[in-house]
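Single-structure report; data block below.
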Amino acid sequence: MAAAEMVEFWRGGLLESTHRGHAVVCDQAGEVVQAWGDPGRVIFPRSSCKMLQALPLLESGAADAAGLSDAHIALSCASHQGAALHVNMASRWLADLGLGEADLRCGSHEPYDRTERDRLILAQEAPCQLHNNCSGKHSGFLTTTRHLKAGPEYVELDHPLQKAIKAATEEVTDETAAGYGIDGCSAPNFAMSVAGLARGMAKFAAADQSGSVRDRAMHRLTRSMAAHPELVAGEGRACTELMRAMGGRVAIKTGAEAVFIAIIPEKKLGIALKIEDGNSRASEAALVAILAQLGVLDAAHPMAQKRLPAPQTNCRGLTVGELRLASGFV
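According to our numbering, the sequence shown is numbered sequentially starting from 11.
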């Protein structure tokens, strides 16, 4: 099946670009409620699946043994900005485990947060692994690894942690992984269909805190993300701003190359979305459209309007174009 036209960019009254993609809404029974494009399209979920990768942290008992708060759980699902808030929390987390920055295996990059970036420049300091947007996830990985008494190379495919993540991923999505790739943070990323990812998110949406060990883990992960949106991404980011706009009723998470998921507990629905050309402005706009259609996001909210319709400005602040929904999408 072909990708569906989802989002358009207009400039000067003419259509300049069209973004095509695939999206699925699943219910708690795993049934496809709505779909655009090809539900069977195999994708790398990238960072949109961090709550799947965090399941062993909770299911193994590692989180409770380490006394992790819901804020820690939210950070374990984060693609954060590397702001002082994120860096300091990850640093304290590792210190409490008797570990340090050198134990991480995510690599370092310049923080996305401008205040922290400028601080490093003025102090003539180099960014470290704590600034990596995945340092919270890797802190969770180290917590689980220590609890399992496993070796330090926790991103290797044959490590007990990655074996547990693969098993949990396949069980929750009801799919055998279609393969794997190495993510930007060096961890394996298991491929799945868009429908499988949506099916998994619907299970998170339906999870009950009085259910099985997995249900309780999924419930806590979802609620922790929604309760701490500032930790999941950061100021100015779509995940943080849209979760705030929905008052903590929905957990959402982006991934590189224009992947997005949403978990909607009140409707027991899961959403997965992939824009073919990897454009994040389009994935944000498409997700806003679907959430608004489902009645969980007010399309008139400023944080929704910021993304759809999204006026595009140039370096002088002039409005030069606009993102719009493609005809027939939602």
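Here a beta-carbon is modelled for each residue, glycine too, at the ideal position from N, C-alpha and C.
Quick caveat, the model's predicted, so the values are computed rather than measured.
Could you tell me the distance, in whole angstroms, from the CA atom of residue 69 to the CA atom of residue 178?
The C-alpha of residue 178 is placed about 10 Å away from the C-alpha of residue 69.
Are there three or more Cβ pairs, one per stretch, closer than 8 Å when the stretch 119 to 133 is compared with the stretch 160 to 176?
The count of Cβ pairs closer than 8 Å, one atom from the stretch 119 to 133 and one from the stretch 160 to 176, stays below three, leaving the stretches out of contact.
As assigned by DSSP and simplified to three states, the class of residue 151:
helix
If you draw a straight line from the C-alpha of residue 339 to the C-alpha of residue 110, how long is it?
Using only the alpha carbons, I get a separation of about 48 Å.
Among residues of its own chain, excluding the 5 on either side of residue 11, which ones have a beta-carbon nearer than 7 Å to its beta-carbon?
47, 48
Taking only three categories from DSSP, how would you classify residue 44?
Residue 44 falls in the strand class under three-state DSSP.
Can you tell me which of the three DSSP states residue 206 falls into?
helix
Rounding to the nearest angstrom, what Cα-Cα distance links residue 319 and residue 255 in this structure?
16 Å
Alpha-carbon spacing of residue 290 relative to residue 197, whole angstroms:
22 Å
Could you tell me the alpha carbon to alpha carbon distance between residue 314 and residue 251, rounded to whole angstroms?
9 Å
Please name the residue, chosen from 105, 192, 92, 86, that lies closest to residue 150 on a Cα-to-Cα basis.
Looking at the Cα atoms, 86 is the closest of the given residues.
Would you tell me roughly how many angstroms separate the C-alpha atoms of residue 185 and residue 191, rounded to the nearest one?
17 Å
Measure the C-alpha to C-alpha separation of residue 330 and residue 20 and round it to an integer number of angstroms.
9 Å
Note the first and the last residue of the continuous alpha helix (DSSP H) segment covering residue 227.
223 to 237
Hey, residue 89 and residue 269: beta-carbon distance below 7 Å or not?
The Cβ-Cβ distance between residue 89 and residue 269 does not fall below 7 Å.
By alpha-carbon positions, which one of 266, 262, 114, 325 ends up nearest to residue 307?
Residue 307 has its Cα closest to that of 262, out of 266, 262, 114, 325.
Under a Cβ-count criterion, where at least 16 other Cβ atoms within 10 Å of its own Cβ denotes burial, should residue 31 be classed as buried or exposed?
buried
Top-ranked residue by Cα proximity to residue 52, from 138, 189, 119, 61:
189
What does DSSP give as the partner residues of residue 284 in its beta bridges?
32, 269
In angstroms, rounded to a whole number, what distance separates the CA positions of residue 305 and residue 105?
43 Å
Suppose contacts are defined by Cβ-Cβ distances below 7 Å. Is residue 284 in contact with residue 215 by that definition?
no
Between which two residues does the beta strand (DSSP E) carrying residue 99 extend?
Looking at the DSSP string, residue 99 is not in any beta strand (DSSP E); the run it does join, the alpha helix (DSSP H), is 94 to 106.
Residue 145, DSSP secondary structure in three states:
helix
Kindly list the residues whose CB is nearer than 6 Å to the CB of residue 38, restricted to its own chain and excluding five residues on each side of it in sequence; keep chain order.
212, 216, 278
Hey, how far is the Cα of residue 334 from the Cα of residue 138?
39 Å
Is the Cβ-Cβ distance between residue 152 and residue 170 less than 7 Å?
Cβ distance not < 7 Å, so residue 152 and residue 170 don't count as in contact.
Taking residue 145 as the reference, give the member of 129, 181, 102, 187 with the closest Cα.
102
Is residue 126 near residue 94, with beta carbons less than 7 Å apart?
yes
With which residues is residue 186 paired in a DSSP beta bridge?
Paired residues: none, contrary to the question.
Whole-Å CB distance - residue 266 paired with residue 194, under 8 Å assumed:
7 Å
Could you spell out where the alpha helix (DSSP H) holding residue 315 opens and where it closes?
312 to 315
Beta-carbon separation (whole angstroms), residue 242 vs residue 84, contact threshold 8 Å:
6 Å
Cutting at 8 Å between CB atoms, please list the residues of its own chain near residue 35, excluding the five before and the five after it.
Only 42, 43, 44, 45, 208, 279, 280, 281, 300, 304 meet the Cβ criterion.
Check each candidate in 28, 22, 24, 327 and name the one with the smallest Cα separation from residue 14.
Nearest to residue 14 by C-alpha distance, out of 28, 22, 24, 327, is 28.
Only counting the same chain, and skipping five residues up and downstream in sequence, which positions put a Cβ closer than 6 Å to that of residue 165?
115, 196, 197
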